[in-house]
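Chains as they are written, first to last, in the numbering used here: chain F, 18 to 133; chain X, 69 to 303.
Backbone N, C-alpha and C fix where the C-beta goes; we use that ideal spot for every residue, glycine too.
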Ligand code: SF4
Ligand code: SF4
Ligand code: FES
């Protein structure tokens, strides 16, 4: 194959934006979650059942699910970046990318099972 | 007369199996204020085999970038006073060494060429020159002063790992310089060519580049502005 300087894969921007947006979502969720933990820590009436009731609420489930989706999308870009930085062989890199996608996708499915 | 100790990275691929450091002690006179003067003294009076690049000796040509006590800088702009002794001089990191302190800058300039470092304007030539308003010219302040010394790119870990694919802070600063130029008509094309997981987005905002630039420029900010433009054309 001729050696060419080829550029413009055309998707770096979307991954970058995806990483920023999911980071914000995770941050907001983390703050809400910490506030909840804090409130229940100072509330004498809080118990395991009040936590269970909270996480049984459909709205809360949706929020938690969105959080997990954000984690998976965020982790995908981060892990992919590590392979891109340090792995030089394209075949190995592509294999690692696929394994990462499978693993993250599996984790996402498992999170659905746990939350719902 | 003051004496100063230097430890200089030496490597001649024709005679040396591997690089080594050689120590020198230099007698400095009152007017020897910059590191380059000491290097020239070593070459002139002690060891003429020491090889390094230099030309303007006043921070304009960008040829004498070195790694000085672990930090990239121009020998001609670095004050001798305040340098910890022995002053350890190495070639700028990440590029192949040709000899001693001289590195092969091909990869660096390949990346510079890849951003099309010239104004692109296919419109018919006006009768007189293409004018810029003072405001439009001001947009270029803080980017146009770059002397392509490579201090920044060779301090950037992302450039160390992927010098063939990541454009690097210096050339990205220039990419922004042409995007910001009111006379250039190819901003969209330039953004298209940077929309690549390696070329622009290997930058992880580590900011080594802005930290070492001897001209006090801020490639990270230019990179941020390119990303901003990408956002504004996508949303
Ligand atoms: S931005 Fe600064 S450090 Fe980088 S090449 Fe230009 S002058 Fe040198
Ligand atoms: S801010 Fe970006 S370009 Fe500058 S040193 Fe860090 S990774 Fe490299
Ligand atoms: S000799 Fe020209 S920049 Fe230092």
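Closer than 7 Å: residue i CB and nearest ligand 2 heavy atom
i              : result
residue 273(X) : yes
residue 265(X) : no
residue 161(X) : no
residue 288(X) : yes
C-alpha gap between residue i and residue j, whole angstroms
i              : j              : result
residue 50(F)  : residue 44(F)  : 10 Å
residue 119(X) : residue 89(F)  : 52 Å
residue 83(F)  : residue 225(X) : 34 Å
residue 125(F) : residue 133(F) : 12 Å
residue 63(F)  : residue 94(F)  : 38 Å
residue 142(X) : residue 86(F)  : 48 Å
residue 200(X) : residue 252(X) : 11 Å
residue 159(X) : residue 259(X) : 33 Å
residue 297(X) : residue 289(X) : 12 Å
residue 219(X) : residue 281(X) : 6 Å
residue 121(F) : residue 67(F)  : 31 Å
residue 268(X) : residue 124(X) : 32 Å
residue 70(F)  : residue 60(F)  : 15 Å
residue 114(F) : residue 163(X) : 29 Å
As assigned by DSSP and simplified to three states, the class of residue i
i              : result
residue 172(X) : coil
residue 296(X) : helix
residue 193(X) : coil
residue 261(X) : helix
residue 23(F)  : coil
residue 67(F)  : helix
residue 103(X) : helix
Exposure label - residue i; buried when at least 16 CB within 10 Å
i              : result
residue 81(X)  : exposed
residue 123(F) : exposed
residue 27(F)  : exposed
residue 84(X)  : exposed
residue 146(X) : buried
residue 362(X) : Given that chain X is displayed from residue 69 to residue 303, the structure contains no residue 362(X) and the question cannot be resolved.
residue 72(F)  : exposed
residue 93(X)  : exposed
residue 245(X) : buried
residue 173(X) : buried
Own chain partners of residue i with C-beta closer than 7 Å, once the 5 adjacent residues on each side are dropped
i              : result
residue 91(F)  : 36, 39, 40, 43
residue 137(X) : 151, 152, 155, 156
Residue i: CB within 7 Å of a non-hydrogen atom of ligand 1
i              : result
residue 293(X) : no
residue 283(X) : yes
residue 231(X) : no
residue 237(X) : yes
beta-carbon residue i near ligand 3 non-hydrogen atom, thresh 7 Å
i              : result
residue 144(X) : yes
residue 123(X) : yes
residue 129(X) : yes
residue 107(X) : no
Cut-off 6 Å between Cβ atoms - residues of its own chain near residue i, not counting five sequence neighbours on either side
i              : result
residue 179(X) : 235, 236, 239
Residues near residue i in its chain [Cβ-Cβ closer than 8 Å; skip 5 each side]
i              : result
residue 230(X) : 266, 270
residue 57(F)  : 63, 67, 68
(message) At a CB distance below 8 Å, what residues from the stretch 225-241 of chain X approach chain B? Give them in sequence order.
(response) Absent here is chain B; the protein component of the structure consists of chains F and X.
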